[in-house]
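I have placed the structure first, in the form of structure tokens, so that the comments after it can refer back to it.
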Amino acid sequence: MHELWCYHESQWHNITGVVGNLSWKSSINELAVTMDFEVAYSDTGYFTTAPIAEGDVISLKNGDEIFKGIILTENRNGRSARKYTACDFAFYLNKSKETYQFNRMNAGKAIRKICSDFDVPVSYICPLPSTITKIYTDKPLSDIIKDILGDGYYMEMRPEGLYINKPENITTSGVFSFAENLTPTPINKLISNPQVTRSIEELKNSIKVISGDEKGFKVLKTVKDNTLINRYGLLQDVIKLEDGQDAGTVANSELSKLAKVSVKSSIELLGDDNVRAGRYLELSESMTGIEGVYLIESVSHTLSNGVHKMKIDLG
Amino acid sequence: MLDSVSELAKLFKERENQGVYSPMIGSIIELPVVRIRLGDKIILDGSHLTMCVVLQHNAEYSDIGREVVLLPYADGQNFIVIGVVN
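Note that the protein sequences, when read in sequence, are chains A and B.
Numbering-wise, the first sequence is residues 840 to 1154 according to my numbering.
Numbering-wise, the second sequence is residues 4 to 89 according to my numbering.
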């Protein structure tokens, strides 16, 4: 059973009994996990107001700790329930700015230095082979870390600290039970509201790479996917080459990334706490053709009237 | 299929206002192999700099310690030294 605890005036308080409409959301496009909930309120006599205020630390537990963060906003609306928004400690990485210069420093070491400077705990950083030589002037810390990481990694703020890994390193398979004495059922057996959108809006089937120095522009490499050009017409993108990059590698990498029909899917499932953005989920749904292993782009958990549900956007 | 709030936030982030472009003032810390300090944390060397002026360093006179005007380019990774502050 989920419990919500609040650290208010140097003491932990279990506020589960007065909390409703609890929801939390994680997305691979956003570093921080956000949480919303309502707390019962009344101005009648003998009604004890919950010990909770902006700036308090909030913790969601279901056996293990699922979320730990800080209350950012409180909304009071007459006699209605008070609404709160909380954010995990990545909030500090999003809101703080600093200047850094890295000279041939290992990417992992650079990220650890940033976290250390701002007392942000690190849970795990997978081996990062790249080195970084770059100047960042007055940039938000989260932007600096994302730039250092590049594509192919995701990060999340866990209760124990910043966690960075490759998405393919984590697959998840949640379960649910209708009652405590029944065998748990895999969540992916009961998919509801499946939706799939296919689009060629962002498709590019030709990539031109040009030199990017101050001495002028020169076309270095052009690669095309003729099958897609015959099918959809010519859709070209131009990439400016940065120092140290190989034109052929960049062109082929961009083409493989962009020369495809964009498929966006979403589903709704019963809830499991392990389902977070950046992980993979195996699904099989015949009506819309959602078949295979999918990256979870974002997931919204809602806990209302004791029922835990999830709305998942798939990559 | 991002929800509308996330989609809007992503669009705003992509179109975030750039900081105002302006010249910067650095301080020469080494010559004749030029090294310029920019703020507390950045040290610029020949790999970052394109010189428009000749910085002097000889027995009679040295520019070490003087301030220079820098124009950032290439997304703030390189700088043009356009002059020494009088």
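Ideal Cβ positions, reconstructed from N, Cα and C, are used throughout, including at glycine.
Asked	Found
Assigned exposure category for Trp851 (chain A) - 16 Cβ within 10 Å defines buried	exposed
Residue burial classification, Thr873 (chain A) (beta-carbon count within 10 angstroms, cutoff 16)	buried
Same chain only: Cβ atoms within 6 angstroms of Leu861 (chain A), ignoring 5 sequence neighbours per side	Phe876, Leu1142
The beta strand (DSSP E) enclosing Ala871 (chain A), as first and last residue numbers	869-878
Inter-residue spacing [alpha-carbon to alpha-carbon] between Ile1129 (chain A) and Gly1154 (chain A)	11 angstroms
Range covered by the alpha helix (DSSP H) that runs through Ala1116 (chain A)	Taken as a continuous stretch (DSSP letters only), Ala1116 (chain A) belongs to no alpha helix (DSSP H), as it is neither H nor E.
Sheet register partners of Val1077 (chain A) (DSSP bridge)	A:Lys1047
contact_flag[the stretch 987-1006 of chain A, the stretch 952-964 of chain A] where n(CB pairs < 8 angstroms) is 3 or more	yes
Residues of its chain near Asp895 (chain A), where Cβ-Cβ distance is below 8 angstroms and the 5 sequence neighbours each way are ignored	Cys845, Tyr846, His847, Ile909, Ile910
Spatial distance of Phe886 (chain A) from Tyr880 (chain A) (CA atoms)	8 angstroms
Below-8 angstroms beta-carbon distance, Ser9 (chain B) vs any chain A residue	yes
Cβ neighbour criterion (16 or more within 10 Å) applied to Ile32 (chain B)	exposed
Interface flag, Gly42 (chain B) vs chain A, CB-CB below 8 angstroms	yes
Residues bridged to Gln850 (chain A) (per DSSP)	A:His847
Any beta strand (DSSP E) of 3 or more consecutive residues that is wholly inside the stretch 971-1021 of chain A	993-997, 1000-1004
Residue closest to Pro1006 (chain A), alpha-carbon to alpha-carbon, out of A:Met1149, A:Val857, A:Glu1136	A:Glu1136
Cross-chain neighbours of Gly49 (chain B) in chain A, by beta carbon under 7 angstroms	Neighbours of Gly49 (chain B) on chain A: none; closest Cβ ~13 angstroms, over 7 angstroms.
Interface partners of Lys936 (chain A) on chain B, CB under 7 angstroms	What Lys936 (chain A) touches in chain B: nothing, since even the nearest Cβ is about 11 angstroms away.
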